[in-house]
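What follows is a single structure, written as structure tokens, with notes after it.
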Amino acid sequence: MTKKYIYKYTEGDGKNKMLLGGKGANLCEMTQIGLRVPPGFVITTEACLDYINANNRLPDGIMGDLREHMAWLEQETGKQFGGAGNPLLVSVRSGSAMSMPGMMDTILNLGLNEKTLAGLIKLTDNARFGYDAYRRFIQLFGKIALGVDDHYFDEHFEAIKRRAGVKVDVALSAEDLRDIGQLFLQVVQEQTGRPFPQDPYEQLELAVKAVFNSWMGQRAVDYRREFKITPDQANGTAVNIVTMVFGNMGNDCSTGVGFTRDPGTGENVMYGEYLVNAQGEDVVAGIRTPKPVAEMKDEMPDLYRQLVELRNKLEGHYHEVQDYEYTIEKGVLYCLQTR
Numbered sequence: 269m270t271k272k273y274i275y276k277y278t279e280g281d282g283k284n285k286m287l288l289g290g291k292g293a294n295l296c297e298m299t300q301i302g303l304r305v306p307p308g309f310v311i312t313t314e315a316c317l318d319y320i321n322a323n324n325r326l327p328d329g330i331m332g333d334l335r336e337h338m339a340w341l342e343q344e345t346g347k348q349f350g351g352a353g354n355p356l357l358v359s360v361r362s363g364s365a366m367s368m369p370g371m372m373d374t375i376l377n378l379g380l381n382e383k384t385l386a387g388l389i390k391l392t393d394n395a396r397f398g399y400d401a402y403r404r405f406i407q408l409f410g411k412i413a414l415g416v417d418d419h420y421f422d423e424h425f426e427a428i429k430r431r432a433g434v435k436v437d438v439a440l441s442a443e444d445l446r447d448i449g450q451l452f453l454q455v456v457q458e459q460t461g462r463p464f465p466q467d468p469y470e471q472l473e474l475a476v477k478a479v480f481n482s483w484m485g486q487r488a489v490d491y492r493r494e495f496k497i498t499p500d501q502a503n504g505t506a507v508n509i510v511t512m513v514f515g516n517m518g519n520d521c522s523t524g525v526g527f528t529r530d531p532g533t534g535e536n537v538m539y540g541e542y543l544v545n546a547q548g549e550d551v552v553a554g555i556r557t558p559k560p561v562a563e564m565k566d567e568m569p570d571l572y573r574q575l576v577e578l579r580n581k582l583e584g585h586y587h588e589v590q591d592y593e594y595t596i597e598k599g600v601l602y603c604l605q606t607r
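This is the structure we're talking about:
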């Protein structure tokens with residue numbers, strides 16, 4: 269019997285962190301207790317170990333299996349991977365049984381290319397959003413999957429900000445962001461000697477390999493040695509492939525973080541902060557000042573109700589304080605993670 273390398277969040281065992289990684293197991297459990305989690309699946313730590321043991325060659329049949337799971341995602345979401353009409357974009361995240369620095373960062377917006385970008389802009393009627401998503405993807409993918417140093421991208425980014433006479437990223441226009449994307453594509457060509465991959469399945473394969481490679485990267489290896497993390501505690505990393513949901517499609521979108529209680533006092537109150545029309549990393553990066561969650565009650569009462577419901581489900585299931593992240597896309601609340 270061939271090994272099962274990929275589990276949908278609807279079928280994976282939420283207790284099996286060794287096989288699915290902490291993040292993957294968590295997303296399986298969240299999906300199965302009825303939280304609205306963006307549809308996705310996890311490639312197991314076994315696939316990672318088999319890849320490493322085969323001198324960095326993906327296990328036989330895994331790309332075919334991946335294509336089948338992407339077809340399932342297309343059915344679940346009504347979107348198409350690589351399609352111009354209603355493009356399906358995914359995030360690719362690493363996740364071993366124990367979290368550790370030096371592991372691969374997240375790649376967001378995978379599946380974007382010149383064709384799907386045009387579709388995304390038409391679909392959302394928001395050119396700024398589309399160009400912003402694309403330039404984020406090119407830089408993240410360029411750095412993580414293709415090994416291009418951040419500073420090459422940052423130089424161009426700062427030059428365009430100076431040209432536009434703006435201090436903060438959010439003040440850049442759609443045209444500025446389009447130009448940044450084109451410059452970033454040139455950076456990739458110059459630094460790698462090859463054009464940026466436009467085939468979404470090539471993007472996906474390179475991203476999965478990058479996650480697996482990060483397990484044996486110097487920082488991760490040194491960390492495991494220093495803290496005596498043995499293979500029976502964490503062995504290999506899983507790969508999470510999750511449908512992108514966007515908190516930056518307009519003013520009925522938002523992204524935020526919260527605790528199920530006040531973490532300081534333990535008081536049973538809504539606690540957290542959010543940003544309207546923003547992507548998740550904007551809250552953490554401190555680019556804009558988030559609002560306290562209490563303001564959502566007046567600003568977005570229906571979404572606040574969904575958030576209260578989410579918090580109650582988390583408390584009811586986990587019976588301890590949870591720190592969670594969420595995104596609201598077009599008035600629908602998705603829970604991205606809880607811990």
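Numbering (this note's numbering), first residue to last: 269 to 607. For glycine and all other residues, C-beta sits at the position ideal for the given N, C-alpha and C.
| Check | Outcome |
| --- | --- |
| Just tell me which of G415, M517, Q450, E423 has its CA closest to the CA of L474. | G415 |
| Please classify R493: is it buried, with 16 or more other beta-carbons within 10 angstroms of its beta-carbon, or exposed? | exposed |
| Using a 10 Å radius around the Cβ and a threshold of 16 neighbouring Cβ atoms, would you call A488 buried or exposed? | buried |
| With DSSP collapsed to three states, give me the class of S367. | coil |
| To test your reading of the DSSP string, which unbroken beta strand (DSSP E) runs of 3 or more residues are found completely within the stretch 336-391? | 358-363, 375-378 |
| Can you grab the Cα-Cα spacing for the pair Q407 / F421, in whole Å? | 7 Å |
| For a minimum of 4 consecutive residues, which ranges assigned as the alpha helix (DSSP H) are wholly contained in the stretch 475-534? | 486-494 |
| Tell me, which residues are paired with G415 by DSSP? | G415 is not bridged to any residue. |
| Compute the distance between the beta-carbons of Q300 and G289, then report whether it is under 9 Å. | no |
| From the DSSP secondary-structure annotation, give me the bridge partner or partners of Q605. | E593 |
| For the stretch 348-359 against the stretch 490-506, are there 3 or more C-beta pairs whose distance is under 8 Å? | no |
| Buried or exposed: where does N508 fall if 16 or more other Cβ atoms within 10 Å of its Cβ makes it buried? | buried |
| Measure the alpha-carbon distance for G398 versus D447 and round it to whole angstroms. | 12 Å |
| Sorted by chain position, which residues of the same chain lie with C-beta nearer than 6 Å to Q590's C-beta, five sequence neighbours on each side aside? | T528, L582, T606 |
| If you count every other CB in all the chains shown that lies within 10 Å of the CB of V476, and 16 or more means buried, which is it? | buried |
| On the DSSP bridge assignment, give the partners of F209 in chain order. | With the chain represented from 269 up to 607, any question about residue 209 goes unanswered, as that position is not in the structure. |
| Across which residues does DSSP place P560 in a beta bridge pair? | E541 |
| Using a Cβ-Cβ cut-off of 7 Å (strictly less than) and excluding sequence neighbours within five positions of L287, which residues of its own chain qualify? | T312, T313, E314 |
| For A401, collect the residues of the same chain with a Cβ closer than 6 Å to its Cβ; drop the 5 residues on either side in sequence, then sort them by chain order. | N377 |
| Is it buried or exposed, N323, if we count other Cβ atoms within 10 angstroms and call 16 or more buried? | exposed |
| Cβ of C603 within 9 Å of Cβ of R361? | no |
| DSSP puts K271 in a beta bridge; with which residues? | None; K271 has no bridge partner. |
| Excluding the 5 residues flanking P560 on each side, which residues of the same chain have their C-beta closer than 6 Å to its C-beta? | E541 |
| When DSSP builds the beta bridges, which residues end up paired with F309? | K276, I509 |
| For E470 and G308, I'd like the C-alpha separation in whole angstroms. | 19 Å |
| Are the beta-carbon atoms of V544 and N503 separated by less than 9 Å? | no |
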